[in-house]
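Trainee: Protein sequence lines correspond, in order, to chains A and B. The numbering used here puts the first sequence at residues 2 to 114. The numbering used here puts the second sequence at residues 131 to 246. Every residue gets a Cβ at the ideal spot worked out from N, C-alpha and C, and that includes glycine. Quantities reported herein were computed from a predicted structural model and do not represent experimental measurements. One structure is given below, represented as structure tokens, and several questions about it will come after.
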Amino acid sequence: QKEVEQDPGPLSVPEGAIVSLNCTYSNSAFQYFMWYRQYSRKGPELLMYTYSSGNKEDGRFTAQVDKSSKYISLFIRDSQPSDSATYLCAMSAKETSGSRLTFGEGTQLTVNP
Amino acid sequence: DARVTQTPRDKVTEMGQEVTMRCQPILGHNTVFWYRQTMMQGLELLAYFRNRAPLDDSGMPKDRFSAEMPDATLATLKIQPSEPRDSAVYFCASGLRLAGVYNEQFFGPGTRLTVL
Numbered sequence: 002q003k004e005v006e007q008d009p010g011p012l013s014v015p016e017g018a019i020v021s022l023n024c025t026y027s028n029s030a031f032q033y034f035m036w037y038r039q040y041s042r043k044g045p046e047l048l049m050y051t052y053s054s055g056n057k058e059d060g061r062f063t064a065q066v067d068k069s070s071k072y073i074s075l076f077i078r079d080s081q082p083s084d085s086a087t088y089l090c091a092m093s094a095k096e097t098s099g100s101r102l103t104f105g106e107g108t109q110l111t112v113n114p
Numbered sequence: 131d132a133r134v135t136q137t138p139r140d141k142v143t144e145m146g147q148e149v150t151m152r153c154q155p156i157l158g159h160n161t162v163f164w165y166r167q168t169m170m171q172g173l174e175l176l177a178y179f180r181n182r183a184p185l186d187d188s189g190m191p192k193d194r195f196s197a198e199m200p201d202a203t204l205a206t207l208k209i210q211p212s213e214p215r216d217s218a219v220y221f222c223a224s225g226l227r228l229a230g231v232y233n234e235q236f237f238g239p240g241t242r243l244t245v246l
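Listed below in structure tokens is the structure:
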């Protein structure tokens, strides 16, 4: 079993929809939780990171971490065609402070105009 | 606009040939990572360096892969001999390790390797 599980999709939604992306994990040592966005033929870029449990909001994006359930989510409000990409969750233990990341396999999202 | 650069962007080679991929990390970053991305396995860490010293290469097949940092501005990943199963996108990332704070990794555009 993988340490981080993520539904690969693909996920297709109409423009303006609320998108929910999720990951589950098994390693209780994970303390840093990240969401990366990867456009086709590009490297991943950091969207958001959260330390420990709680919510974090940045514009149309909200990241949630529930450590008791070992479950993290990314919500995209008012989704746009430019949000079409692969979204990867990533996690890291505290002692490495993000230096050693374990990634989910990514969810491919398409937002249709 | 500081960014990680990688060369070549695409490489097609035949089984048994040597492949060398290069990465220029962001100036001032002290940590460099090599990842491999495939449809089946997703993004996997192969190796990483701090201050040019290898910290962890446990994700790398030792018999054919080698990673080095000849200097602070260049990291290399070599495969010799290459095999079809090495076909993947190889990413380099760099970051600045600071104790006690989150250390973001910045990814390069990747090298798409095809071994025939």
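Taking the continuous beta strand (DSSP E) assigned at residue 161 (chain B), which residues delimit it?
Mentor: Element bounds for residue 161 (chain B): 161-168.
Trainee: Output the distance between the C-alpha atoms of residue 57 (chain A) and residue 200 (chain B), rounded to the nearest integer angstrom.
Mentor: Spanning the two alpha carbons is a distance of roughly 40 angstroms.
Trainee: Relative to chain B, which residues along the stretch 48-71 of chain A have a C-beta separation below 8 angstroms, given in chain order?
Mentor: Here the close residues are 50 and 52.
Trainee: Compare the C-alpha of residue 68 (chain A) against each of A:92, A:84, A:114 and A:106 and name the closest.
Mentor: For residue 68 (chain A), the nearest C-alpha among the options comes from A:92.
Trainee: Between residue 160 (chain B) and residue 215 (chain B), is the Cβ-Cβ spacing less than 9 angstroms?
Mentor: Not a contact, by the Cβ cut-off of 9 angstroms.
Trainee: Please go through the stretch 44-78 of chain A and give each complete beta strand (DSSP E) segment of 3 or more residues, from N-terminal end onward.
Mentor: If we require 3 residues or more, the beta strand (DSSP E) runs fully inside the stretch 44-78 of chain A come out as 46-52, 55-59, 62-67 and 72-77.
Trainee: Got a sec? Which residues, its chain only, sit under 8 angstroms from residue 211 (chain B) by beta carbon, not counting five neighbours each side?
Mentor: Correct list, in chain order: 145, 146, 147, 148 and 194.
Trainee: Chain A partners of residue 238 (chain B), CB-CB under 8 angstroms?
Mentor: Those within 8 angstroms of residue 238 (chain B) in chain A are 44.
Trainee: Quick one: what's got a C-beta closer than 7 angstroms to residue 52 (chain A)'s C-beta in the same chain, skipping five residues either side?
Mentor: If we look at residue 52 (chain A) and ignore the five residues flanking it on each side, its Cβ neighbours are 32 and 33.
Trainee: Can you name, in chain order, every residue of its own chain whose Cβ lies under 7 angstroms from the Cβ of residue 18 (chain A), other than the five neighbours on each side?
Mentor: Only 80 meet the Cβ criterion.
Trainee: Taking residue 192 (chain B) as the reference, which of B:173, B:155 and B:209 has the closest Cα?
Mentor: Among B:173, B:155 and B:209, the Cα nearest to that of residue 192 (chain B) belongs to B:209.
Trainee: 9 angstroms is my cut-off, CB to CB: does residue 17 (chain A) come that close to chain B?
Mentor: No, residue 17 (chain A) does not count as interfacial toward chain B.
Trainee: Identify, in the order they occur along the chain, each residue of the same chain with its Cβ nearer than 7 angstroms to the Cβ of residue 218 (chain B), setting aside the five sequence neighbours on each side.
Mentor: Excluding sequence neighbours, residue 218 (chain B) sits near 166, 167, 168 and 243.
Trainee: For residue 39 (chain A) and residue 86 (chain A), what's the separation of their Cα atoms in angstroms?
Mentor: Rounded to whole angstroms, residue 39 (chain A) to residue 86 (chain A) spans 6 angstroms at the Cα level.
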